[in-house]
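J.: I have a structure here, written as structure tokens, and I will follow up with some questions on it.
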Amino acid sequence: MSTDGTTIVWFRGDLRVRDNPALHAAAARGDAIVCLYVLDDESAGIRPLGAASRWWLHGSLTALAGELRELGLPLTLRRGPAEAVVRAVVGETEATAVLWNRRYGEAERAVDAALKSSLRDDGLMVESFQASVLFEPWTVLTGQGGYYRVFTPFWRSVTSGPPPRHPVPAPAVSVARGGVATGAVTEADADAPPLRHRRVDSDDLDSWALHPTRPDWAAGLRERWEPGSAGAHERLRSFLRSGLGRYVDEQDLPAEDGTSGLSPHLRFGEISPFEVWHAVEQHRARVPGDASGASAFLRQLVWREFAYHLLFHLPSITTENMRPEFDRFPWEEPDAAELERWQQGRTGIPLVDAGMRELWQTGVMHNRVRMVAASFLVKNLRVDWRVGEAWFWDTLVDADPASNALNWQWVAGSGPDAAPYFRVFNPELQARKFDEHGSYIARYVPEAGTDAYPEPMVDLAESRRAALDAYATIR
Numbered sequence: 001m002s003t004d005g006t007t008i009v010w011f012r013g014d015l016r017v018r019d020n021p022a023l024h025a026a027a028a029r030g031d032a033i034v035c036l037y038v039l040d041d042e043s044a045g046i047r048p049l050g051a052a053s054r055w056w057l058h059g060s061l062t063a064l065a066g067e068l069r070e071l072g073l074p075l076t077l078r079r080g081p082a083e084a085v086v087r088a089v090v091g092e093t094e095a096t097a098v099l100w101n102r103r104y105g106e107a108e109r110a111v112d113a114a115l116k117s118s119l120r121d122d123g124l125m126v127e128s129f130q131a132s133v134l135f136e137p138w139t140v141l142t143g144q145g146g147y148y149r150v151f152t153p154f155w156r157s158v159t160s161g162p163p164p165r166h167p168v169p170a171p172a173v174s175v176a177r178g179g180v181a182t183g184a185v186t187e188a189d190a191d192a193p194p195l196r197h198r199r200v201d202s203d204d205l206d207s208w209a210l211h212p213t214r215p216d217w218a219a220g221l222r223e224r225w226e227p228g229s230a231g232a233h234e235r236l237r238s239f240l241r242s243g244l245g246r247y248v249d250e251q252d253l254p255a256e257d258g259t260s261g262l263s264p265h266l267r268f269g270e271i272s273p274f275e276v277w278h279a280v281e282q283h284r285a286r287v288p289g290d291a292s293g294a295s296a297f298l299r300q301l302v303w304r305e306f307a308y309h310l311l312f313h314l315p316s317i318t319t320e321n322m323r324p325e326f327d328r329f330p331w332e333e334p335d336a337a338e339l340e341r342w343q344q345g346r347t348g349i350p351l352v353d354a355g356m357r358e359l360w361q362t363g364v365m366h367n368r369v370r371m372v373a374a375s376f377l378v379k380n381l382r383v384d385w386r387v388g389e390a391w392f393w394d395t396l397v398d399a400d401p402a403s404n405a406l407n408w409q410w411v412a413g414s415g416p417d418a419a420p421y422f423r424v425f426n427p428e429l430q431a432r433k434f435d436e437h438g439s440y441i442a443r444y445v446p447e448a449g450t451d452a453y454p455e456p457m458v459d460l461a462e463s464r465r466a467a468l469d470a471y472a473t474i475r
């Protein structure tokens with residue numbers, strides 16, 4: 001334990017104080033702590049956040065700053081290429097250690113590896129931790145030593161081994177400072193050294209202009225969401241209390257509040273998958289009647305793991321077809337006006353339009369409807385899945401680099417363990433099955449069925465046949 005150095009905790013997709021291994025380790029060191037967040041739109045290969053994610057980030061950083069303030073730790077904000085910014089803060093603070101939680105995208109790993117190497121060469125202690133995935137991608141391998149390309153064997157593998165680790169508590173506020181602990185305090189925490197900080201210059205969050213202004217299109221996002229760990233944990237408690245028991249029956253019904261709503265909170269690391277996993281397991285032990293819902297929900301959580309497993313082992317999943325025969329697929333070049341109709345929910349197909357309007361208004365779309373809206377673009381309009389992925393990246397508050405790409409490739413048929421291309425979701429049948437009374441459509445497309453509603457962009461049966469004919473050319 002050190003008492004005279006400075007440790008930098010570099011926050012990235014882990015905007016929380018509970019179950020934050022890097023922050024926990026920094027507190028145990030006893031150094032003065034600098035909590036740093038870097039908005040990096042400049043490093044090679046780093047994909048800038050979309051507009052909806054930038055809106056969320058503003059709220060998430062505001063919430064994180066409040067949590068850290070309760071611990072006596074200010075949040076330092078900087079903008080620029082991460083490697084240069086972190087090295088600059090090291091120089092300003094004469095830091096002796098830099099800690100962070102791991103990232104799994106190829107460009108992010110390259111930045112982290114270069115920085116770790118150069119800082120260690122300069123004599124600093126640099127350490128990274130597992131915080132955003134339950135299972136490190138390099139630890140889940142097939143019997144032949146390769147990575148899993150099919151979800152069900154991946155699921156069996158990770159659930160047949162040891163369970164994920166338990167969450168670590170938030171650092172305790174020093175009683176000597178008159179503070180109050182914000183997380184569960186263990187016996188070891190009671191003996192922890194008091195938290196100290198090293199103040200350095202910080203950008204003003206408002207100067208980053210993450211919120212839309214002209215026009216301000218985020219009213220629906222503000223009404224729907226509360227970014228930050230407090231909102232995340234409240235959603236989890238609510239879901240366990242009243243949603244998990246209905247999950248199996250209602251997860252596919254877009255008119256119902258049948259899902260957890262945790263995806264954007266997980267995306268920004270406001271709650272960890274370890275916290276979610278163990279909360280669900282503890283609930284299952286207390287309420288055996290919710291066991292089927294718990295199993296179904298944890299399977300969805302592991303699908304997220306599968307996406308990161310693939311992102312790590314096959315980084316090109318975000319931009320390239322995983323099945324190379326789709327490189328020959330005769331996609332249609334989208335007409336700007338027709339693409340805009342899909343984006344704005346004016347296709348003349350009520351379920352598709354309801355989903356696209358929900359997305360624009362709230363920053364999310366129900367998962368069942370996401371599949372239908374994506375299938376309509378890729379198959380009925382024969383537009384390359386990457387066009388749709390880019391729109392979702394810009395408009396989803398839970399735009400996750402791994403899950404967004406995997407799910408689009410799944411619908412397109414070009415990914416691993418994907419829905420076959422010839423499985424074309426019929427929006428009318430899907431609406432009758434999953435929105436039987438039309439409540440979801442009426443909520444977002446009240447003019448459906450009236451003269452004010454546009455005619456369908458395409459004939460569903462004819463466009464399905466054309467899609468299958470196109471697919472036949474690459475089989």
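Using the UniProt record's numbering, the first residue of the sequence shown is number 1, and each one after it goes up by one. Cβ atoms here follow ideal geometry from the backbone N, Cα and C, with glycine treated the same way.
(1) Which of helix, strand or coil does DSSP assign to residue 37?
(2) Just grab the DSSP bridge partners of residue 407 for me.
(3) Kindly indicate the opening and closing residues of the beta strand (DSSP E) around residue 97.
(4) Between residue 402 and residue 40, what straight-line distance do the alpha-carbon atoms span, to the nearest angstrom?
(5) Label residue 433 either buried or exposed according to how many other C-beta atoms from any shown protein chain fall within 10 Å of its C-beta, with 16 as the threshold for buried.
(6) May I ask you to report which of helix, strand or coil DSSP gives residue 470?
(7) Starting from residue 10, trace the beta strand (DSSP E) in both directions and tell me its first and last residue.
(8) Is the CB of residue 140 under 7 Å away from at least one CB in chain C?
(9) Roughly how many whole angstroms lie between the Cα atoms of residue 311 and residue 446?
(10) Taking DSSP's pairing of strands, which residues face residue 432 in a bridge?
(11) Terminal residues of the continuous alpha helix (DSSP H) containing residue 111?
(12) Look at the alpha carbon of residue 216 and the alpha carbon of residue 29, and state the distance between them as a whole number of angstroms.
(13) Compute the Euclidean distance between the alpha carbons of residue 456 and residue 47, then round it to the nearest angstrom.
(14) What are the start and end residues of each continuous alpha helix (DSSP H) run of 4 or more residues lying completely inside the region 362-431, in chain order?
(15) Taking the alpha-carbon positions, what's the residue 386 to residue 64 distance?
(16) Which residues bound the alpha helix (DSSP H) around residue 276?
(17) On the three-state DSSP scale, how would you describe residue 142?
(18) How many angstroms separate the CA atom of residue 81 from the CA atom of residue 431?
(19) Using the C-alpha atoms, what's the distance from residue 134 back to residue 21?
(20) Which whole-angstrom value describes the C-beta separation of residue 409 and residue 418, a residue pair presumed to lie in contact below a C-beta threshold of 8 Å?
(21) Just to confirm my understanding: we take residue 26, look at its own chain, exclude 5 residues before and 5 after, and list those with CB closer than 7 Å. What are they?
T.: This is what the structure holds:
(1) Sequence index remark: in the sequence shown, residue 37 carries index 37 (1-based). In the three-state scheme derived from DSSP, where H, G and I count as helix and E and B as strand, residue 37 is classed as strand.
(2) Start at 1 with the first residue of the sequence shown, and residue 407 comes out as number 407. Paired residue(s): none; residue 407 is not in a bridge.
(3) Residue mapping note: residue 97 aligns to position 97 of the sequence shown, counting from 1. Going by DSSP, residue 97 is part of the beta strand (DSSP E) stretching over 97-101.
(4) As a working note, residue 402 is residue 402 in the sequence shown. As a working note, residue 40 is residue 40 in the sequence shown. When rounded, the separation of the alpha-carbon atoms in residue 402 and residue 40 is 18 Å.
(5) Taking the first residue of the sequence shown as position 1, residue 433 is located at position 433. By the 10 Å Cβ count, residue 433 comes out exposed.
(6) For the purposes of this step, residue 470 is taken as the residue at position 470 of the sequence shown. Of the three classes helix, strand and coil, the one that applies to residue 470 here is helix, per DSSP.
(7) The residue given as residue 10 occupies position 10 in the sequence shown. Note, residue 10: beta strand (DSSP E), 6-11.
(8) Given the protein chain composition of this structure (a single chain), no chain C is represented.
(9) On the sequence shown, residue 311 is found 311 positions in, with the first residue counted as 1. On the sequence shown, residue 446 is found 446 positions in, with the first residue counted as 1. The alpha-carbon of residue 311 is positioned some 40 Å away from that of residue 446.
(10) Indexing the sequence shown from 1 puts residue 432 at position 432. For residue 432, which the question treats as bridged, DSSP gives no partner whatsoever.
(11) Here residue 111 refers to the residue found at position 111 when the sequence shown is read from its first residue. Counting along the chain, the alpha helix (DSSP H) containing residue 111 begins and ends at 106-121.
(12) Locating residue 216 in the sequence shown gives position 216, counting from the first residue. Locating residue 29 in the sequence shown gives position 29, counting from the first residue. Distance between the alpha carbons of residue 216 and residue 29 is about 44 Å.
(13) If you number the sequence shown from 1, residue 456 lands on position 456. If you number the sequence shown from 1, residue 47 lands on position 47. Take the alpha-carbon of residue 456 and the one of residue 47: they are about 35 Å apart.
(14) Listed in chain order, they are 367-375, 385-395, 401-412.
(15) Counted from its first residue, the sequence shown places residue 386 at position 386. Counted from its first residue, the sequence shown places residue 64 at position 64. Looking at the two C-alpha atoms, the distance is approximately 33 Å.
(16) Here residue 276 refers to the residue found at position 276 of the sequence shown. Where residue 276 is concerned, the enclosing alpha helix (DSSP H) starts and stops at 273-286.
(17) If you number the sequence shown from 1, residue 142 lands on position 142. Three-state result, residue 142: coil.
(18) Within the sequence shown, residue 81 is the residue found at index 81, counting from 1. Within the sequence shown, residue 431 is the residue found at index 431, counting from 1. Note on geometry: alpha-carbon atoms of residue 81 and residue 431 lie some 46 Å from one another.
(19) Residue 21 sits at position 21 when you count from the first residue of the sequence shown. Residue 134 sits at position 134 when you count from the first residue of the sequence shown. Spanning the two alpha carbons is a distance of roughly 13 Å.
(20) On the sequence shown, position 409 is the one that residue 409 refers to. On the sequence shown, position 418 is the one that residue 418 refers to. Correct: roughly 6 Å between the Cβ atoms.
(21) Working through the sequence shown from its first residue, we reach residue 26 at position 26. Result list for residue 26: 7, 9, 33, 99, in chain order.
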